[in-house]
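For the sequence shown, position 495 matches number 820 in my numbering, and the numbering has no gaps at all.
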Amino acid sequence: MLSNPFIAAALSFIASVALTYATRAFARRFGFVAAPKSNRWHKKPTAMMGGAAIFLTTVLISAGVVPFSKQAQVVVAGSTVLFLIGLIDDLLHIKPYQKLFGQFIGTAIIVGFGLVLPWTDSDILNIAITAFWLVGITNAINLLDNMDGLAAGISAIAAFALAIGFAASGQTNELLLVSVFVGALTGFLVFNFNPASIFMGDCGSMFVGFFLSSSVLMTQVVGGRSRSVVSVLAVPALILIVPIFDTTFVTVLRKIWGRKASEGGRDHTSHRLVALGLSERDAVLMLYALALAAGALSLLVNQLETTQSLALIAVFILILTIVGVYLSKVKVYKEQEEALALQDKAAFGFLLNLSHKRRVFEIILDAFLITLSYYGSYSVIFGTFEDTQNWSLFIKSLPILIVLQLFSFLVVGVYRGIWRYTGIQDFVTFAKGVILGSVLSIFALLAVYRFQDFSRTVFIYNAFILFAAIAVSRLAFRLFRQLLPMPNAGEGRKVLIYGAGDGGEMILRELKNNPTWNYAPVGFVDDNPLKTDKVIHGLRVFGGNGSLAQICRDNQVEEILISFRDIDPRRLKEIRAVCRDSEISLKRAALRIEPLDFE
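Listed below in structure tokens is the structure:
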């Protein structure tokens, strides 16, 4: 038996590569191939049954290198049941309730041998929560398997974070078992990452999901002592946050649109990222990054005080919430376009806009931000202060601060702004709200508690931190729009904007904000040499004097948009000649204000 997890993972990786290669050949030879469908993402016939390679690698290598504890045996046994159920589904296409029955058989094996989530003091409730956890995560991984390399990669990252946790707690056998699992997944990824030549199928997604969710249960005791409440509750969820987030997101939106949560579709977080302009690889890598961040956070909360852990988790959930709100705006259903046109008549139009246009969400968000900022200010000044007098001061002053700060935001007009158009004037409004709220809070504490033992420095720090938090939250949508490429960047007509002034910048924003133009801007061109090689919203400004034809050839320009009216006639003639010789369309883009008749 081995004791080195790196060797175990390496052996598993090699075996997985070999078995996946053999499985792919077998699937192609005997017709186990997934054909493209309208509600699926892949566009070409692709081999199935890749989960068999993951399963065989995990079981065979583990049997050879891992000293099986009772817990490990139970996890492998339960996961084997799920593999067999998934395999039957891949071959015979069984009904959802039949798969659910198989999942409960695996769950009974796990729970029957005492592996449960100790989240409450009630054994019955813990068993129910554990059953929900196992079945939920298994199906979440199944739903996440919607794009090349996504489910396998996310699961490998989650398992890697789990392995680090086992290493830190001295659980050697569990560490070796999960290391083998990581090797099996990464070996499969060699063939499954975009462009995938094999899919894991239900036999893979159900095995992987159940193995992961049940392996997490082995982390509940560390060195013979119970872990902290935050660790017990948060670590499992953080390790598997991507499938949890994706499943919750898709389920809620499908319910809103009257669709079955269990049906296939192209409305997952990965699909929406692609719809926003990312390539498939970049969308998957972005979700990998999210999984890595969550995995790192799951390890960090074990090292921090409870309140510090809760604060970090709250910030992370806040970021996920804002991301979810932004992604929910992406149009993926045909019905959505009609609904958005008739929002005043559609119930789901109200639900979709509750998070952004209705002030309820903003007020709840700001209450969280006020709490986090105030806590952060105390932490900066006093460090760990939970067991000191400052904690009682924080607790009794927080409600006053929240109420008066929200009142100040209402008074100065913070909630009259629209996030996607947040600008400098809004920052002034935020500053007014923060300053007014801070002053009112200080006077209120002076009146109620005579400001006794309170630190003035805390309120100064709080004002700066809160202003930054409010500004960043309101800029989030604009930041997403700047970081993500245009939705039609890969397929729109490549256009060069002539003129890098205010008009050109306005046209670029219009093209980015309105994908129906179907343009993919490649840059600006301007005759002013002082603007050459400058960058506007991520696009380069080219020098136009005598080099326009070469610029168009180098960037495969299909159309030129002139952004101003008072262009020199001789220069316009030269541009026309270049466009005519290069077979490039030439248009003028400008803001037009026209009078309308009264009839």
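We treat Cβ as the ideally placed atom computed from N, Cα and C, and that holds for glycine.
Beta-ladder partner(s) of residue i, from DSSP
i: Y844; result: R818
i: V850; result: Y823 and F867
i: A359; result: T371
i: S910; result: E884
i: V860; result: R865
i: I523; result: A372
Short Cβ contact (8 angstroms threshold) for residue i with residue j
i: I564; j: A621; result: no
i: A794; j: L729; result: no
i: G824; j: S910; result: no
i: V820; j: A796; result: no
i: D571; j: N519; result: no
i: S733; j: L761; result: yes
i: C528; j: A377; result: yes
i: L598; j: A614; result: no
i: F789; j: S763; result: no
i: G534; j: T432; result: no
i: S634; j: A562; result: no
i: G461; j: T345; result: no
i: F532; j: F710; result: no
i: L836; j: L864; result: no
i: A453; j: S337; result: no
i: H593; j: N517; result: no
i: E687; j: Y746; result: no
i: A388; j: P370; result: no
i: A456; j: I466; result: no
i: I900; j: L921; result: no
i: V506; j: E499; result: It is worth fixing the name first, because residue 506 is Phe in this sequence and not Val. Not a contact, by the Cβ cut-off of 8 angstroms.
i: A915; j: R890; result: yes
i: V850; j: K859; result: no
Span separating the alpha-carbon of residue i from that of residue j
i: E630; j: L624; result: 13 angstroms
i: R913; j: S604; result: 31 angstroms
i: N540; j: Q428; result: According to the sequence displayed, residue 540 carries Ser and not Asn. So the two alpha carbons sit approximately 15 angstroms from each other.
i: S798; j: A639; result: 14 angstroms
i: H418; j: P840; result: 40 angstroms
i: L469; j: I644; result: 20 angstroms
i: F536; j: D879; result: 51 angstroms
i: Q714; j: Y774; result: 14 angstroms
i: K856; j: L886; result: 18 angstroms
i: Q396; j: S653; result: 40 angstroms
i: G602; j: V648; result: 15 angstroms
i: F408; j: M525; result: 11 angstroms
i: G848; j: L459; result: 50 angstroms
i: S494; j: N329; result: 16 angstroms
i: R917; j: V685; result: 37 angstroms
i: P443; j: I435; result: 14 angstroms
i: I449; j: I695; result: 38 angstroms
i: C877; j: N853; result: 18 angstroms
i: D691; j: L765; result: 17 angstroms
Beta-carbon proximity list for residue i, same chain, < 6 angstroms, skipping 5 on both sides
i: V515; result: V342
i: I479; result: V567 and A616
i: G817; result: N843, Y844 and A845
i: L791; result: S698 and V759
i: V577; result: none
i: V705; result: Y786
i: T382; result: S337, A340, S341, L344 and A509
Residues near residue i by beta carbon distance below 7 angstroms, same chain, minus five either side
i: R353; result: A372
i: V546; result: Confidence at V546 is low in this model, with a pLDDT of 44, below 50, so its placement is unreliable and the value that follows should be read with caution. Nothing listed; no residue qualifies.
i: I413; result: I419
i: D778; result: Q714 and L718
i: E884; result: R818, V820, I909, S910 and K912
Spatial neighbours of residue i in its chain, beta-carbon cut-off 8 angstroms, leaving aside the 5 residues before and after
i: E830; result: I861 and H862
i: Y651; result: A801, F802 and F805
i: F331; result: S504
i: T632; result: Y700 and E711
i: L637; result: L622, L625, V626 and L629
Near the ligand ZN: residue i beta-carbon under 7 angstroms from a heavy atom
i: P392; result: Annotation note on the ligand ZN: not contained in the displayed structure, which lists no ligands.
8 angstroms contact criterion, which residue i and residue j should meet: CB distance rounded
i: A926; j: I386; result: Absent from the structure is residue 926, since the part of the chain shown begins at 326 and ends at 924.
i: L327; j: L501; result: 7 angstroms
i: S504; j: A481; result: Contact flag wrong, Cβ pair sits at about 11 angstroms.
i: L726; j: Y699; result: 6 angstroms
i: G411; j: S530; result: 7 angstroms
i: L440; j: M374; result: With 8 angstroms as the limit, L440 and M374 do not qualify as a contact, their Cβ atoms being about 29 angstroms apart.
i: F438; j: V384; result: Contact doesn't hold; Cβ gap of about 18 angstroms is too wide.
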